[in-house]
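Following: one structure in structure tokens, then a few remarks.
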Amino acid sequence: MGVQHDHASVGTPRRRLLIAFAITSMVFIIEVVGAVITGSLALLVDAAHMLTDVIGLALAVTAAHLMNREPSARHTWGLRRAEVLGALAQAALLLGVGIFALVEGVRRLFEPPEIASGSLLFFGIVGLLANIASLFVLMSGRKANLNMRAAFLEVLNDALGSVGVIVSAILIATLGWYRADAVAGIVIALLIIPRTLILLRASGSVLLESTPPGLDLEDVRRHLRELPHVVDVHDLHASQVSTDLPTLSAHVVVDDELSQEASSALLRSLQECVAEHFAVSVEHSTFQIEPRSHPDEHATHA
Numbered sequence: 002m003g004v005q006h007d008h009a010s011v012g013t014p015r016r017r018l019l020i021a022f023a024i025t026s027m028v029f030i031i032e033v034v035g036a037v038i039t040g041s042l043a044l045l046v047d048a049a050h051m052l053t054d055v056i057g058l059a060l061a062v063t064a065a066h067l068m069n070r071e072p073s074a075r076h077t078w079g080l081r082r083a084e085v086l087g088a089l090a091q092a093a094l095l096l097g098v099g100i101f102a103l104v105e106g107v108r109r110l111f112e113p114p115e116i117a118s119g120s121l122l123f124f125g126i127v128g129l130l131a132n133i134a135s136l137f138v139l140m141s142g143r144k145a146n147l148n149m150r151a152a153f154l155e156v157l158n159d160a161l162g163s164v165g166v167i168v169s170a171i172l173i174a175t176l177g178w179y180r181a182d183a184v185a186g187i188v189i190a191l192l193i194i195p196r197t198l199i200l201l202r203a204s205g206s207v208l209l210e211s212t213p214p215g216l217d218l219e220d221v222r223r224h225l226r227e228l229p230h231v232v233d234v235h236d237l238h239a240s241q242v243s244t245d246l247p248t249l250s251a252h253v254v255v256d257d258e259l260s261q262e263a264s265s266a267l268l269r270s271l272q273e274c275v276a277e278h279f280a281v282s283v284e285h286s287t288f289q290i291e292p293r294s295h296p297d298e299h300a301t302h303a
């Protein structure tokens, strides 16, 4: 026994992603030119980071498009998992940039090149203004799903990178401290890497079908067992198709004498329980109701 849900009406802010993609693409070109002119590691790293944003936002737009496809006989959930794959790809790109920046920054601490601080400051300000514009575009949708979270995180890291470029330019201009550029590159890397690891972990958790964060299955089992006529609950499983679509299934053992009418009422109670009583609302739940005399040895199951 289960319940039918419509999963076709999935919304994701694709227009916002497209605007952020256009802004980021323009700034990437500007920063590449700036890195060539100034020879700045911080600006080069920020440009490389911006390139990952261009690629990452392109992935996010693609994933957003795929997520809105109708379910089919082949893809019964639609392509909702594209959200997680897109976030995973973006996180992998960010991690590569962070590692490169860290290694190159350490190398330049020992061999700091001369850098044109005026040009560096100009390009840093341009990058920061563009990143702020993109952040405003993405801000309202950043909690919609993992894909949008990854896109917002990439642009936020870029904004922090631009701040690092500006600070290093000021230090070079006022103190002549060329190592400031390498320090800024290292700081950007240290800001990027932890966030990408968190995003990789979140993406991997969904792909490995872990229990949704915030959902305690023992608590769920206890609540279900407290419902009238329920003798036991086994084969209790919960996972996520995407970050906004948790699912749950279970075998529920009931009294042998339970009538069809009472069984239908119990099914509604089970579904309402998992949809309303917990921090994570599970609207797609499937329950198999079994009489106590069912031959399945339910005591051996989890």
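Okay, so the sequence shown: first residue is 2 according to this note's numbering, each after it adds one. A virtual CB, placed ideally from N, CA and C, is assigned to each residue, including glycine.
Point to revise | Minimum C-alpha distance to P214 - residue among V283, D233 and A160 | key: V283
Review point. Do F288 and L259 come within 8 angstroms of each other at the CB atom, strictly closer than that value?
Key: no
Check your understanding: Taking DSSP as the reference, what is the three-state secondary structure of T244?
Key -> Here T244 sits in coil by DSSP.
**Study point:** Residue burial classification, D54 (beta-carbon count within 10 angstroms, cutoff 16)
**Key:** The residue in question, D54, is buried, as its Cβ has 16 or more Cβ neighbours within 10 Å.
**Study point:** Backbone CA spacing between H8 and G87 [nearest angstrom]
**Key:** Confidence in H8 is poor, its pLDDT being 41 and thus under 50, which makes the residue's placement unreliable; the coordinate value appears in the next sentence. Roughly 20 angstroms between the two C-alpha positions.
Practice item. Would you mind listing the alpha helix (DSSP H) stretches within the segment 26-97 that are 4+ residues and don't spill past its ends, in chain order? Key: Those alpha helix (DSSP H) runs which fall completely within the segment 26-97 and span 4+ residues are 42-68.
Check your understanding: Within 10 angstroms of its Cβ, does P247 collect 16 or more other Cβ (buried), or is it exposed?
Key -> buried
Point to revise | Euclidean distance between Cα positions of D182 and S135 | key: Taking the straight line from one Cα to the other gives about 25 angstroms.
Exercise for review: Report, in whole angstroms, the separation of the C-beta atoms of A185 and G165, which I expect to be a contact under 8 angstroms.
Suggested key: 4 angstroms
Point to revise | Beta-carbon gap between C274 and H235 smaller than 8 angstroms | key: Taking 8 angstroms as the Cβ cut-off, C274 and H235 do not qualify as a contacting pair.
Point to revise | Pairwise C-alpha distance: V232 and F279 | key: 21 angstroms
Practice item. Under the assumption that I194 contacts L271 (Cβ atoms under 8 angstroms), give the Cβ distance between them as a whole number of angstroms. Key: Between L271 and I194 the Cβ distance is about 44 angstroms, and since that is not below 8 angstroms, they are no contact.
Practice item. Could you tell me which of S240, E84, F111 and E155 sits nearest to L192, measuring between CA atoms? Key: E155
Practice item. Indicate, with yes or no, if the ligand NAD has a heavy atom lying under 7 angstroms from the CB of A280. Key: Among the components modelled here there is no ligand, and therefore nothing to report on the ligand NAD.
Point to revise | Three-state class that DSSP yields for H230 in the structure shown | key: DSSP places H230 in coil when its eight states are reduced to three.
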